[in-house]
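Below is one structure, written out as structure tokens; comments come after it.
Numbering (our numbering), first residue to last: 1076 to 1338.
This is how it looks when you write it as structure tokens:
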């Protein structure tokens, strides 16, 4: 069993449906002096009795919270879906329609990739740097991620202030090492086949391999310039403040002004 278990002293849930908050005293190992090993004191009893579920790579109180939230959301969806008296225009009706749309597998199969054709057409029209950043901005506005991350979050050194963050994008493979190290060669080939399959399902069957190679090569170059999972643990190295003018000057080859306007 992989021992990737997280501190749980301040767990907010004893079970999926339990409405309990605060410190769970049953997790404490009272045989340990907290002055010698505070982690073991807080979590020792929990570590002895908890097994990582077979479908998880790690486990902790936050996993329990997520599972409980999913369970609660499912109940809300099913309750709204069964509400025949939901009035048009109300949130209950919107939720009911949204859930029904997602569960209508017959319609989903019939629609295929038609719902995303307008977005594919936008990509096909990209000719210039400005076109690229305008498209990325409009995609990010709709929650379609890619190229880089941009979001608003609390300042890591000043919690009373929000600030804007630019950061590296996620890669298709789990980490940058997967794009270069020899031991991951089989995974790279399988991933390329997966990309080829996606393009084959769309309107690019005759060019699927070519486009898959393009995507993989772009991701490989992004991986070279990205921080790996170990580097990403260093929060200090990621805290680099700039004014808007300084950031634009530092990245003058990238049309962030067009991006922000589109966003």
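In this text, a Cβ means the ideal position worked out from N, Cα and C, and glycines have one as well.
message: Let me confirm a value: residue 1186 is counted as buried when at least 16 other C-beta atoms fall within 10 Å, else exposed. Which label applies?
response: exposed
task: Could you tell me whether the Cβ atoms of residue 1287 and residue 1271 are closer together than 8 Å?
output: yes
field: Contacting residues, own chain, Cβ-Cβ under 6 Å from residue 1215 (five flanking each side not counted)
entry: 1338
- prompt: Would a C-beta distance cut-off of 8 Å place residue 1212 and residue 1334 closer than the cut-off?
  reply: yes
- prompt: Per DSSP, which one or two residues make a beta bridge with residue 1230?
  reply: 1233
- prompt: Are residue 1339 and residue 1247 closer than 8 Å when you measure CB to CB?
  reply: Summary: the structure shown does not reach residue 1339, with the chain confined to residues 1076 through 1338, and so no result is reported for it.
- request: Please name the residue in 1255, 1268, 1319 whose C-alpha comes closest to that of residue 1301.
  value: 1255
task: Throw me the rounded Cβ distance for the residue 1323 and residue 1315 pair, which I believe falls under 8 Å.
output: Contact doesn't hold; Cβ gap of about 14 Å is too wide.
query: Is it right to say residue 1196 is buried, meaning 16 or more other beta carbons lie within 10 angstroms of its own, or is it exposed?
result: exposed
Pairwise C-alpha distance: residue 1133 and residue 1078: Any reading at residue 1078 must be qualified, since the residue scores a pLDDT of 43, below 50, and its modelled position is unreliable; no value is offered.
Residues of its chain near residue 1236, where Cβ-Cβ distance is below 6 Å and the 5 sequence neighbours each way are ignored: 1230
- prompt: What is the residue span of the alpha helix (DSSP H) that residue 1263 lies within?
  reply: 1260-1276
query: Helix, strand or coil: which one does DSSP assign to residue 1303?
result: coil
- prompt: Using a Cβ-Cβ cut-off of 8 Å (strictly less than) and excluding sequence neighbours within five positions of residue 1294, which residues of its own chain qualify?
  reply: 1246, 1247, 1248, 1254
- prompt: Where does residue 1174 sit, in a helix, a strand or coil, going by DSSP?
  reply: helix
message: Need the endpoints of the alpha helix (DSSP H) that residue 1121 sits in, please.
response: 1113-1124
query: Given a threshold of 16 other Cβ atoms within 10 Å of its Cβ, counted over all protein chains shown, does residue 1189 qualify as buried or as exposed?
result: exposed
message: In this structure, how does DSSP classify residue 1279 when only helix, strand and coil are distinguished?
response: coil
field: Nearest to residue 1120 (by Cα), restricted to the options 1111, 1131, 1129, 1100
entry: 1100
query: Can you tell me whether DSSP reads residue 1317 as helix, strand or coil?
result: coil
query: Are the beta-carbon atoms of residue 1168 and residue 1162 separated by less than 8 Å?
result: yes
message: Within a Cβ cutoff of 6 Å, which residues of the same chain sit near residue 1277, ignoring the five residues on either side of it in sequence?
response: 1188
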